[in-house]
Each structure stands twice: as structure tokens, then as C-alpha cells.
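*Asks:*
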Amino acid sequence: MSTTYGSFPGARPRRLRVNPTMRRMVAETRLHPAELILPAFVREDVTEPVPLQTMPGVLQHSRDSLRKAAADAVAAGIGGIMLFGVPEESKKDAVGTPGTDPDGILQVAIRDVRAEVGDDLVIMSDLCLDEHTDHGHCGVLDAEGRIDNDATLERYAEMARVQADAGVHTVGPSGMMDGQVGVIREALDGAGHRDVSILAYTAKYASAFYGPFREAVGSSLKGDRKTYQQDPANAREAMRELELDLAEGADMVMVKPALPYLDILRQIADAVDVPVAAYQISGEYAMVEAAAANGWIDRDRAIMETLTSVRRAGAGMILTYWAVEVAQRLNRGE
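Numbering-wise, our numbering puts 343 at position 196 of the sequence shown, and it's gapless, one number per residue.
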């Protein structure tokens with residue numbers, strides 16, 4: 148209850164908003180470059196980076212441009228880079244062979260980035276089959292065209308081993324298969340990669356906001372992923388997934404997408420004592436860029452506001468395509 152003197156309030160919250168210096172001093176939520184992770188796409192059949200039409204400013208990298216992007220990320224002081232491989236179309240098959248080929252584009256990219264930046268950047272890799280299969284699903288299909296969960300887990304175990312052999316620091320299993328974290332942990336430990344950590348995609352929803360990502364990874368998806376990604380209507384289900392992932396050995400957990408699921412992010416952050424990440428996905432990025440390009444919103448302010456909201460909701464790490472740009476702005480004190 149506010150203190151009053153006569154008929155006028157004595158408490159004036161606006162006193163703490165009077166100028167930028169005051170607002171900065173009392174800010175409850177702060178962004179830091181080390182909390183930002185850059186998702187990056189590397190394409191096998193290009194020698195120059197390819198701009199994405201649906202994500203202005205984002206590229207499908209060549210191997211050379213990816214190395215430079217990694218070096219720029221280190222210079223900006225961001226925490227990590229999440230790598231996605233885009234194999235040649237002709238190499239895709241029903242079981243996602245490029246994903247387990249030691250010379251597949253993702254494994255090559257991991258080695259390239261590790262050679263470029265060493266341990267100065269946490270190198271993460273997408274551990275999923277969707278970029279590598281000719282049907283675009285995150286797993287192996289059975290005779291009826293349904294995802295075969297357990298057959299897919301065998302492929303994930305192989306992927307974990309080859310990615311770790313290539314030098315990755317952290318694997319990000321994003322396929323939402325039941326039991327994936329436990330199988331991957333066992334595979335890594337069995338291959339002597341006990342120090343490779345797992346960032347579990349704990350709450351990954353079947354979202355409409357993934358659209359631009361499909362261009363980024365050259366997706367061949369037929370149908371949808373509603374039988375394995377979470378229903379947007381469900382919240383308790385996310386907490387069940389969280390319990391299972393932690394029991395199976397997840398080192399970090401993640402919510403994806405970020406903005407439409409800030410309530411889920413808050414619940415998970417309040418419930419755990421492991422690091423929590425959120426992925427500001429392609430559709431979130433594209434909406435801001437498109438609205439800004441039309442002059443409907445202030446781009447820079449919108450970027451910082453969205454990221455601050457994700458951080459405020461409980462994410463200690465944020466995957467965002469603006470990672471390097473925002474880190475540079477933060478380093479300049481903007």
C-alpha cells in the first residue's frame with residue numbers, strides 16, 4: 148500500500164525512471180554477450196554463403212564463411228554456436244546417412260570450427276535427422292510411414308558418437324524422441340566422451356513459427372511433426388518431459404520456441420537447478436525483421452525487448468540469430 152500525504156501519493160515509482168543512468172542502475176534484468184548462442188547453417192554444395200529469403204541477414208554458410216562467423220562470434224564474446232548441417236540433396240536418404248558419416252557436412256563443420264576457435268567458443272551441434280533425411284522427419288520411418296522411436300534412437304546414438312569424435316563440446320538432441328537423452332548419454336560415455344554435455348530440447352512445441360527454418364536447412368519435410376513435438380495447448384506435459392530429461396542425464400534444458408512459450412520457460416526455470424536455455428526461432432526473427440522493413444516497428448528496440456523478455460522469463464542462455472549483433476551493441480554499452 149502506498150504512503151499518502153494529504154491527498155497525494157508520497158511514493159513515486161517514476162523517480163527511478165527519470166534518466167537513462169537511473170534506469171540502467173535499477174534494471175532488474177540484464178543481457179550479457181556470454182549468454183547468447185548463435186545458430187549457424189553450413190551448406191555442403193556452396194563455395195560462397197547463400198542469403199536466406201525468409202530470414203534477411205541470415206546465411207547458409209560455406210565452410211570458409213562459417214569459420215569467419217565463428218571467429219566473429221569469439222570476438223563479440225558470445226557464449227556458443229549451434230551448428231546445423233545442410234547436405235547435398237542427392238546424399239539424403241531414408242535414414243539420414245549424412246548425419247552419421249564422419250565426412251558429412253555437419254561433422255566437417257564441427258572440425259572446421261574447432262580448428263578455428265578451439266575452446267574459445269562452446270561448439271554445439273544439432274543432433275537430429277531432419278536435415279539429413281529425404282522425407283524431412285526427425286527420425287526413421289516404419290513401413291506405415293510413422294516415426295519409429297526406438298529405431299531412431301539407434302541413429303541418434305551413432306550421431307552422438309561421430310559429432311563427439313569431430314570435437315563438439317555440446318550436443319543438442321532436438322528430435323523429441325522418447326528416451327533420447329538417456330541413449331545419447333550412454334553412447335557418449337561408452338565412446339569415451341564423458342565430457343561432452345547434452346543440451347536437451349526438453350519442451351519443443353509443434354509450432355507454426357518454424358517456417359523460415361525449413362528454407363535454412365533445405366528441409367524435405369512431408370507432413371508434420373505433431374506426433375512427436377509437443378502440443379501448443381499443453382503445459383503440464385512440458386514438466387513431465389523435464390523430469391524425464393533430467394533423470395536421463397541432461398546437463399542443460401531448453402524451451403523452443405521462446406516468445407510464444409514464456410510461461411513454460413518460467414515454470415521450467417523455477418523448477419530446476421541446471422542451466423536453462425530458450426531458442427528464439429526463425430519465425431520470431433522473421434516477424435521482427437519484416438515488420439521493421441515495413442517501418443511498422445523500431446527494429447533495434449524490438450530486438451532488445453524480445454531478448455530481455457526471454458531473459459526475464461528465466462532463460463540463462465538464449466539462442467538467437469541476432470547473437471553477434473546484439474553482443475556488439477552490448478559491448479559498446481548501447
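Every residue, glycine too, gets a C-beta built ideally from N, C-alpha and C.
Taking the alpha helix (DSSP H) that THR99 belongs to, which residues open and close that run?
*Replies:* Shown here, the chain extends from 148 to 481; a query on residue 99 therefore has no answer.
*Asks:* Classify ARG308 as buried or exposed, calling it buried when 16 or more other Cβ atoms lie within 10 Å of its own Cβ.
*Replies:* Counting C-beta atoms within 10 angstroms of its own C-beta, ARG308 has 16 or more neighbours from the protein chains shown and is therefore classed as buried.
*Asks:* Where does PRO186 sit, in a helix, a strand or coil, going by DSSP?
*Replies:* strand
*Asks:* DSSP state of ASP410, grouped into three classes?
*Replies:* Here ASP410 sits in helix by DSSP.
*Asks:* Between the Cα of PHE231 and the Cα atoms of MET202, ASP240, ASP266 and GLU278, which residue gives the shortest distance?
*Replies:* GLU278
*Asks:* Are VAL193 and GLN207 close, meaning C-beta to C-beta below 8 Å?
*Replies:* yes
*Asks:* Are there three or more Cβ pairs, one per stretch, closer than 8 Å when the region 458 to 466 is compared with the region 417 to 427?
*Replies:* yes
*Asks:* Take SER344 and list the residues in its own chain whose beta-carbon comes closer than 6 Å to its own, dropping the five residues that flank it on each side.
*Replies:* If the five residues before and after SER344 are omitted, its C-beta is found closer than 6 Å to the C-beta atoms of THR317 and ASP398, all from its own chain and listed in chain order.
*Asks:* Compute the distance between the beta-carbons of ALA353 and ASP378, then report whether it is under 8 Å.
*Replies:* yes
*Asks:* Taking the alpha helix (DSSP H) that THR299 falls in, what are its first and last residues?
*Replies:* 296 to 313
*Asks:* Pull up the distance between the alpha-carbon of ARG383 and that of ASN296, whole angstroms please.
*Replies:* One C-alpha to the other measures close to 22 Å.
*Asks:* Taking the CB atoms as reference points, tell me whether ASP281 and ARG214 lie closer together than 8 Å.
*Replies:* no
*Asks:* Counting pairs of beta carbons, one from the region 313 to 329 and one from the region 265 to 276, are three or more of them closer than 8 Å?
*Replies:* yes
*Asks:* Cβ of TYR357 within 8 Å of Cβ of SER429?
*Replies:* yes
*Asks:* If you follow the alpha helix (DSSP H) that ILE331 is in, where does it begin and where does it stop?
*Replies:* 327 to 337
*Asks:* For LEU185, which of ALA418, GLY227, GLY480 and TYR408 has the nearest alpha-carbon?
*Replies:* GLY227
*Asks:* Quick check on DSSP: helix, strand or coil for ASP273?
*Replies:* strand
*Asks:* At the level of alpha carbons, what is the spacing between ASP250 and ARG261?
*Replies:* 15 Å
*Asks:* Tell me which same chain residues have a C-beta within less than 8 Å of the C-beta of MET229, skipping the five on either side of it?
*Replies:* ILE184, LEU185, PRO186, ALA187, MET271, SER272, ASP273, GLY319 and LEU466
*Asks:* Please report the straight-line C-alpha distance between ALA311 and THR244, rounded to a whole angstrom.
*Replies:* Cα to Cα, the separation comes out at about 17 Å.
*Asks:* By Cβ distance, which residues of its chain are closer than 7 Å to ARG159, with the 5 residues on each side in sequence left out?
*Replies:* None.
*Asks:* Between which two residues does the alpha helix (DSSP H) containing PRO167 stretch?
*Replies:* Per DSSP, PRO167 belongs to the alpha helix (DSSP H) from 167 to 173.
*Asks:* Just how far apart, CA to CA, sit ALA418 and ARG171?
*Replies:* 29 Å
*Asks:* With DSSP collapsed to three states, give me the class of GLY265.
*Replies:* coil
*Asks:* Determine the direct distance from the alpha carbon of ARG302 to that of LEU288, and round the result to whole angstroms.
*Replies:* 12 Å
*Asks:* Spatial neighbours of GLY246 within its chain, please: CB distance less than 6 Å, with the 5 preceding and 5 following residues excluded, ordered by chain position.
*Replies:* For GLY246, same chain residues with a beta-carbon under 6 Å away, outside a window of 5 residues either side, are LEU276, HIS279 and MET306 in chain order.
*Asks:* Determine the contact status of THR349 and GLY322, defining contact as a CB-CB distance below 8 Å.
*Replies:* In this structure, GLY322 does not lie closer than 8 Å to THR349 by Cβ.
*Asks:* If you follow the alpha helix (DSSP H) that ASP344 is in, where does it begin and where does it stop?
*Replies:* It is worth fixing the name first, because residue 344 is Ser in this sequence and not Asp. Looking at the DSSP string, SER344 is not in any alpha helix (DSSP H); the run it does join, the beta strand (DSSP E), is 344 to 351.
*Asks:* Closer than 7 Å by C-beta to LYS351: which residues in its own chain qualify, once you throw out the five before and the five after it? Chain order, please.
*Replies:* SER321, MET323, GLN376, GLN377 and LYS403
*Asks:* For GLY232, does the three-state DSSP call read helix, strand or coil?
*Replies:* strand
*Asks:* Specify the secondary structure class of LYS238 as computed by DSSP and reduced to three states.
*Replies:* helix
*Asks:* Per the DSSP calculation, LEU206 is bridged to which residue(s)?
*Replies:* Partner(s): PRO198.
*Asks:* Do you know how far the Cα of ASP325 is from the Cα of ARG372?
*Replies:* 14 Å
*Asks:* I'd like to know whether the C-beta atoms of VAL233 and VAL205 end up nearer to each other than 8 Å.
*Replies:* Between VAL233 and VAL205, the C-beta spacing is not below 8 Å.
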